[in-house]
């Protein structure tokens, strides 16, 4: 499990954020973004999907 305050903490730009998310996904790490508690379920679903 990897917990961050905001998604922008994962990279300096969109490409780095996507790269970080993909890396965490390959390592089977669950990502939690605390500034988006209402969207946590949707984010986890998106991260665990094969679309990334």
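Numbering (the working numbering), first residue to last: 23 to 74. Beta carbons are placed, not taken as given, at the ideal position from N, Cα and C, and that holds for glycine.
Sequence-distant partners of residue 42 (beyond 5 residues in either direction) whose C-beta falls short of 7 Å from its own C-beta, in its chain, are 32, 33. Boundaries around residue 40 are those of the alpha helix (DSSP H), 36 to 48, since no beta strand (DSSP E) includes it.
In the structure shown, the three-state DSSP call for residue 32 is helix. When C-alpha distances from residue 23 are compared across 30, 29, 49, the shortest belongs to 49. Cα atoms of residue 58 and residue 67: separation of roughly 14 Å, rounded to the nearest angstrom.
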